[in-house]
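Residues -27 to -1, 1 to 261, numbered by mature numbering (1 follows the signal peptide of the UniProt record, and there is no 0), are exactly what the sequence shown covers, in order. No residue lacks a Cβ here, since even glycine has one placed at the ideal position from N, Cα and C. Working notes, beginning with the structure itself.
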Amino acid sequence: MLKRNRAMVSYVTLAALFGTMSVGAQAATWSDTFVGYRYGTQFTEPNNPENVEKHILQLTHVSGYSLGQNFFNLDVLQSSSADPANNSDTGATEAYLAYRHQLHAGSVFGEPMAFGPVRDMALTFGFDLNTKNTGFAPRKRQLVVGPTFKFDVPRGFVDLSLFYSREWNHCGLPPCGLPENQNSLSFDPYYQINLAWGLPFEAAALPLKFQGFYSYNGAKGDDYFGDLTKPEQLMRTSLMLDVGQVAWGAENSLWVGVGYEYWRNKFGNHGKPGVDTDAMTLNLEWHF
């Protein structure tokens, strides 16, 4: 099982690198790529009453082309021993990949769909994939599609998306409450409200940015044990300082700051330990 999950981590990593290269093949009109690092000691996992320390490496690429834009993010998360790998005393490793593609109405039809505070609309579609080498052995597969409202802000961006979502996952702890010889579950379709933002600003002559996302997922039916899931909320946000610009005049190279993760009813679980998270993080980004 451990070898199989290691292979999946390698597969997702290769898929991430391939995806980033394929985005570049679309004649990008602008792009931004960075390697990031996050660290915190107050993460949680369902059915685990302990706080979990995590080191998180991140690869993110965002770019625009003639019809819209791409977003690609891979997180590789290393837990402390409080969240152990399967049949091991060492911490678990997880890989989580997210991809979103936007088709902008203004680019496709030659005129933006603007109204009120909205400067344009987009059709967004994408997917999430994950794998983790715990006994549960999750292998999330999620598809999303829906409209995105792109708000008119002086600098940066604010996007509000309304998604239709389908999700499939795996349970490696038999019998998982599933029928005999079945270890995967197709959840009910659900809606997702997603707000994403990146807002640069200055304070006391310091170049800063406030960034993050908030997702609200509707209930998705029964879980692996026949219990009804509840709506899930996840927010990750950070306040970052452009240290590269301040220290040696290189704008948008090295950012350092603090972040916060807010998670309620993690994965739709409720009424058990570890389903709510309030975690402060140290964040770094190296852009190239």
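Based on DSSP bridge pairs, tell me the residues matched to residue i.
i           : result
residue 130 : 171
residue 262 : The question about residue 262 has no answer, for the chain in this structure spans -27 to 261.
residue 192 : According to DSSP, residue 192 bridges with nothing at all.
residue 13  : 27
residue 115 : 101 and 140
Do residue j and residue i have their beta-carbon atoms positioned less than 9 Å apart in this structure?
i           : j           : result
residue 158 : residue 141 : yes
residue 215 : residue 227 : yes
residue 40  : residue 8   : no
residue 138 : residue 168 : no
residue 172 : residue 184 : yes
residue 109 : residue 64  : no
residue 229 : residue 240 : no
residue 48  : residue 90  : no
residue 329 : residue 107 : What the structure shows of the chain is the stretch from -27 to 261, and residue 329 is not part of that stretch, so it cannot be assessed.
Below 8 Å on the Cβ atoms is my contact criterion, and I expect residue i with residue j to pass it. Report the Cβ-Cβ distance as a whole number of Å.
i           : j           : result
residue 246 : residue 22  : 4 Å
residue 202 : residue 234 : At roughly 20 Å, the Cβ-Cβ gap does not stay under 8 Å, so residue 202 and residue 234 are not in contact.
residue 194 : residue 161 : 3 Å
residue 19  : residue 225 : 37 Å between Cβ atoms; not a contact.
residue 191 : residue 204 : 6 Å
Counting only the same chain and skipping the five closest in sequence on each side, list residues whose C-beta sits under 8 Å from that of residue i.
i          : result
residue 93 : 77, 78, 79, 85, 86, 87 and 123
Excluding sequence positions up to five away, which residues of its chain have a Cβ less than 6 Å from the Cβ of residue i?
i           : result
residue 149 : 197
residue 1   : 36 and 38
residue 133 : 122 and 168
residue 11  : 29, 254 and 256
residue 15  : 24 and 252
Which same chain residues, not among the five before or five after residue i, have their C-beta less than 7 Å away from its C-beta?
i           : result
residue 73  : 44, 97 and 99
residue 131 : 124 and 170
Inter-stretch contact at 8 Å, needing at least 3 Cβ pairs: the segment 97 to 104 / the segment 52 to 60: The segment 97 to 104 is not in contact with the segment 52 to 60.
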